[in-house]
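Number of protein chains: 2
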Amino acid sequence: MELKRLRGGITEPEGFLAAGVRAGVRSKGLDLALLSCEEGPVPSAGAFTTNTVKAAPVILTMRHLRRERRLGAVVANSGCANSFTGERGLRDAARMAGLTAELLGLKAHQVGVASTGMIGTYLPMEKVEAGIREAVARLSPSREASRSAARAILTTDRSPKEVAVHVETEDGVPVTIAGMAKGAGMIRPRLRTATMLVFLTTDARVDPLFLRSSLQASVDRSLNMITVDNDTSTNDMVLVMASGRAGNGELRGDRNFQRGLDFVLTELAKMIVKGAEGATRMMEVRVKGARRGEARKAAMAVAGSNLLKAALFGGDPNWGRVVAALGYSGARFNPSRLTLKVKSRRGEATLVERGKPLGGPELPEAVEVMKASEIIFEIDLGEGEEEATAWGCDLSHGYVRINSRYRT
Amino acid sequence: MELKRLRGGITEPEGFLAAGVRAGVRSKGLDLALLSCEEGPVPSAGAFTTNTVKAAPVILTMRHLRRERRLGAVVANSGCANSFTGERGLRDAARMAGLTAELLGLKAHQVGVASTGMIGTYLPMEKVEAGIREAVARLSPSREASRSAARAILTTDRSPKEVAVHVETEDGVPVTIAGMAKGAGMIRPRLRTATMLVFLTTDARVDPLFLRSSLQASVDRSLNMITVDNDTSTNDMVLVMASGRAGNGELRGDRNFQRGLDFVLTELAKMIVKGAEGATRMMEVRVKGARRGEARKAAMAVAGSNLLKAALFGGDPNWGRVVAALGYSGARFNPSRLTLKVKSRRGEATLVERGKPLGGPELPEAVEVMKASEIIFEIDLGEGEEEATAWGCDLSHGYVRINSRYRT
Chain A
0 MELKRLRGGI
10 TEPEGFLAAG
20 VRAGVRSKGL
30 DLALLSCEEG
40 PVPSAGAFTT
50 NTVKAAPVIL
60 TMRHLRRERR
70 LGAVVANSGC
80 ANSFTGERGL
90 RDAARMAGLT
100 AELLGLKAHQ
110 VGVASTGMIG
120 TYLPMEKVEA
130 GIREAVARLS
140 PSREASRSAA
150 RAILTTDRSP
160 KEVAVHVETE
170 DGVPVTIAGM
180 AKGAGMIRPR
190 LRTATMLVFL
200 TTDARVDPLF
210 LRSSLQASVD
220 RSLNMITVDN
230 DTSTNDMVLV
240 MASGRAGNGE
250 LRGDRNFQRG
260 LDFVLTELAK
270 MIVKGAEGAT
280 RMMEVRVKGA
290 RRGEARKAAM
300 AVAGSNLLKA
310 ALFGGDPNWG
320 RVVAALGYSG
330 ARFNPSRLTL
340 KVKSRRGEAT
350 LVERGKPLGG
360 PELPEAVEVM
370 KASEIIFEID
380 LGEGEEEATA
390 WGCDLSHGYV
400 RINSRYRT
Chain B
0 MELKRLRGGI
10 TEPEGFLAAG
20 VRAGVRSKGL
30 DLALLSCEEG
40 PVPSAGAFTT
50 NTVKAAPVIL
60 TMRHLRRERR
70 LGAVVANSGC
80 ANSFTGERGL
90 RDAARMAGLT
100 AELLGLKAHQ
110 VGVASTGMIG
120 TYLPMEKVEA
130 GIREAVARLS
140 PSREASRSAA
150 RAILTTDRSP
160 KEVAVHVETE
170 DGVPVTIAGM
180 AKGAGMIRPR
190 LRTATMLVFL
200 TTDARVDPLF
210 LRSSLQASVD
220 RSLNMITVDN
230 DTSTNDMVLV
240 MASGRAGNGE
250 LRGDRNFQRG
260 LDFVLTELAK
270 MIVKGAEGAT
280 RMMEVRVKGA
290 RRGEARKAAM
300 AVAGSNLLKA
310 ALFGGDPNWG
320 RVVAALGYSG
330 ARFNPSRLTL
340 KVKSRRGEAT
350 LVERGKPLGG
360 PELPEAVEVM
370 KASEIIFEID
380 LGEGEEEATA
390 WGCDLSHGYV
400 RINSRYRT
């Protein structure tokens, strides 16, 4: 199957309109995004943070999707997470849904609501309501509108994150899948049926149950495999809406659609990691040879190790930290069968071959490999057949600076 | 029971000699410590890292203690962890034990061996052997000798860590318990029957099984409740030796001895956190009202949150990060029953009262409280009866600087 990457974002699939406006929740810049489907309420699915403390918009949108599995619009603000805000927070989130629904001819439960920013503060509702009105007036299918929406959900992110692809369904019908994301800190999504927000659109006709299961499958391979700081947010949310405009027969298990969705979410996941707070380098951690159910743990422990992240910042091939992280990951392995390589566009170096260190951390090839901005650690645990890939970033002075005085 | 703190360290209890010398493993400074008991092999107990990758000295010392539960000496080096060094590493560790035993008239399995420093490099054995010979020649019961040993086990630590106390056993016999510690990074001990090293001595006569169970009980309340960077080392080791010189009846369950051991280990644990790599502030996280088995998880998640640690560095009472960490800790609670306070010598502020935020993160009292160097977070989950306390430090530019170019 061919998978063709497109320019643009969530308005590339047929049937979607977007807008990004300034409501004034943040001190400056766009801060309110609206996504709307011209078809009205369409099959939709979501994945939400598993944090015990769930922000008001998360609680509300989970309820909305449980009720009908159809959304007609999504409204999102940055600058205030509306999290740990109790009944008042829930009322504010419901008001965002209600007003959006009213202006777009939908029912309130057909609107998804998302927020990101500071925890423990209330939304300035007058500003938010004025922003929603303006966003509705500006809804457009243009790439500029998509870009504005992608900008409006950002907080400490460095740049907007948009991906769009064409795939052909197994029946040979071309469909488009697209997404936008926000995420820069408090990123270690544990999503299930982050303050990471991802909104996806497709013009494929998709059975709602398949939409939900394919979303969860993709999320498990992409967003659930990244970490910036091991902190799981109270606001993480992924939503996908399927307009059905592509004219294909309803998808109930299409591998090509799944591949397209995998691609969009993995690209967005990597963009989140590369654009993470203070990040200067990205690492991809590929684990193979793991026992069943253990590859993900091993990969995530390495990607999340503070010590390895600091070494990555310094370009230091301190592979003992990889080994230590594998050792506390919970994955079972015999150190004497471990193989570890590091790769980048600057070359490749084998650090450990079946348990044998091939040189200390000063290995010159390894030092050279670590100079690149994207580093791959290839790990073979030598135990089983399972594989997993995780992504992480370095721990830099920038991260400390940003998070020692964070105000969105 | 009175608990009286003493000056000095591991040579305060009767019957112990110590030395710290320069063997030349590190680029500068003392790097080889020796602890010896004048009584020869005495009841001893250990707790070791649960990392799957265990350093050679950890594997060796576990074997030695399993064999006889008696040690007559402990030899430790800094500058090289002798971890992930395969058969050669095991031979080197065995040689350290063998030579020490030979020189002190012990059997090799009566010597504990510990190492800390870089993972994946071999020990320079000629230097180590010369160091052991010199250390044996310098063994002394003096405070200076104890101090030298405490210095010789350090790597990136800022200063030596020694504690000694007098307690009376339940029978009214005065005994002394003392310890020294090393630990500055790769600190999130998960010890069971850290590159944290702790060596303890006591002149009490103690039943070996009680010595082991009381050590594990103390470790679970102290060293297993600290985190610097959530990275669990391959080399963590705690050893206690009981000389029996105090003349008490053999202890088989003495609460006062347990309290003394708790005190020594908790003080050392806090010294490790305060002296952690780059640390400028310490936090104590007190959790109460937790369900059974969940207080520790909740406290450790808060103490280990990178975002909260960065906020602590900046003196920012960003309590949303406390709430988020509690939410992903795995402890079950209803956010509407959560109470959260922050305290220090500069005052006290209630941030959340039974689920209700009492002001955003800019609360002036909280900003004032956060200016101190030791901050206490008091958390009531409002669910059950369980309590736990954890300790952590801030995430600073110093931590990033040290760990982006670490060489001991």
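Note that the protein sequences, when read in sequence, are chains A and B.
Numbering that gives the first Met the number 0 applies: residue 0 is where the first sequence begins, and numbers increase by one.
Numbering that gives the first Met the number 0 applies: residue 0 is where the second sequence begins, and numbers increase by one.
Idealized CB from N, CA, C, for every residue including glycine.
Bear in mind that the values here come from a model prediction, so they are computed numbers and not experimental data.
Straight-line gap, residue i to residue j (C-alpha atoms, nearest Å)
i, j, result
"VAL321 of chain B", "LEU307 of chain B", "7 Å"
"ALA371 of chain A", "LYS340 of chain A", "15 Å"
"ALA44 of chain B", "LYS106 of chain B", "17 Å"
"TRP390 of chain A", "GLY23 of chain B", "39 Å"
"THR231 of chain A", "PHE47 of chain A", "11 Å"
"ARG94 of chain A", "SER217 of chain B", "53 Å"
"ASP235 of chain A", "ILE118 of chain A", "13 Å"
"LEU238 of chain A", "ALA268 of chain B", "45 Å"
"THR154 of chain B", "GLU373 of chain B", "24 Å"
"CYS392 of chain A", "ARG280 of chain A", "6 Å"
"GLY346 of chain B", "LEU362 of chain B", "13 Å"
"THR355 of chain B", "MET369 of chain B", "One detail in the question is off: residue 355 of chain B reads as Lys in this sequence, not Thr. Roughly 21 Å between the two C-alpha positions."
"VAL286 of chain B", "GLY326 of chain B", "13 Å"
"LEU70 of chain B", "PRO42 of chain B", "7 Å"
"LEU394 of chain A", "SER403 of chain B", "9 Å"
"VAL127 of chain A", "LYS181 of chain A", "19 Å"
"GLY434 of chain B", "SER26 of chain B", "Lying before the first or after the last residue shown, residue 434 of chain B is absent from chain B, which here runs from 0 to 407."
"ALA387 of chain A", "GLN257 of chain A", "17 Å"
CB contact check: residue i to chain A, cutoff 8 Å
i, result
"ASP235 of chain B", "no"
"ALA297 of chain B", "no"
"ALA310 of chain B", "yes"
"PRO363 of chain B", "no"
"PRO334 of chain B", "yes"
"ASN247 of chain B", "no"
Per DSSP, the bridge partner or partners of residue i
i, result
"VAL166 of chain B", "B:LEU2, B:VAL174"
"LEU16 of chain A", "A:SER35"
"ARG353 of chain A", "DSSP lists no partner for ARG353 of chain A."
"GLY78 of chain A", "A:GLY116"
"ARG69 of chain A", "A:PRO42"
"MET95 of chain A", "DSSP lists no partner for MET95 of chain A."
"VAL110 of chain B", "B:ALA72"
"LYS27 of chain B", "Answer is none; LYS27 of chain B lacks a bridge partner."
CB-CB length for residue i against residue j, believed under 8 Å
i, j, result
"ALA309 of chain A", "VAL57 of chain B", "Not a contact, Cβ separation roughly 24 Å."
"GLY259 of chain B", "ILE176 of chain B", "5 Å"
"ALA134 of chain B", "ALA278 of chain B", "ALA134 of chain B to ALA278 of chain B, Cβ: 30 Å. No contact."
"VAL174 of chain B", "ASN247 of chain B", "6 Å"
"ALA348 of chain A", "ALA324 of chain A", "So it is not a contact: roughly 19 Å between Cβ atoms."
"GLU161 of chain B", "GLY274 of chain B", "In fact, because the Cβ distance is near 12 Å, the residues do not count as touching under 8 Å."
"GLY130 of chain A", "VAL20 of chain A", "5 Å"
"VAL172 of chain A", "ALA245 of chain A", "6 Å"
Partners in chain A for residue i, counting only beta-carbon separations shorter than 7 Å
i, result
"GLY383 of chain B", "Neighbours of GLY383 of chain B on chain A: none; closest Cβ ~15 Å, over 7 Å."
Neighbour flag for residue i against chain B, beta carbons, 8 Å
i, result
"ALA193 of chain A", "Because the pLDDT at ALA193 of chain A is just 43, under 50, the model does not fix this residue reliably, and the point stays unresolved."
"SER395 of chain A", "yes"
"THR51 of chain A", "yes"
"THR407 of chain A", "Reliability of the predicted coordinates at THR407 of chain A is poor, the pLDDT of 42 falling under 50, and the value obtained from them is presented with this limitation in mind. So, not an interface residue."
"ARG331 of chain A", "yes"
"LEU214 of chain A", "no"
"VAL399 of chain A", "yes"
Partner residues on chain B for residue i, Cβ-Cβ distance less than 7 Å
i, result
"ARG404 of chain A", "GLY313, ASP315"
"ASN223 of chain A", "Within 7 Å Cβ-Cβ: nothing; ASN223 of chain A doesn't reach chain B, min ~13 Å."
Neighbouring residues, chain B, relative to residue i (Cβ below 9 Å)
i, result
"ALA324 of chain A", "ASP230, THR231"
Listed by chain order, chain A residues near residue i by CB distance under 9 Å
i, result
"TRP318 of chain B", "PHE83, ILE118, GLY119"
"LEU122 of chain B", "Those do not exist, as LEU122 of chain B stays about 12 Å from chain A at its closest Cβ, beyond 9 Å."
is_contact[residue i, chain D] using C-beta, thresh 8 Å
i, result
"LYS355 of chain B", "The question asks about chain D, but that chain is absent: this structure's protein chains are A and B."
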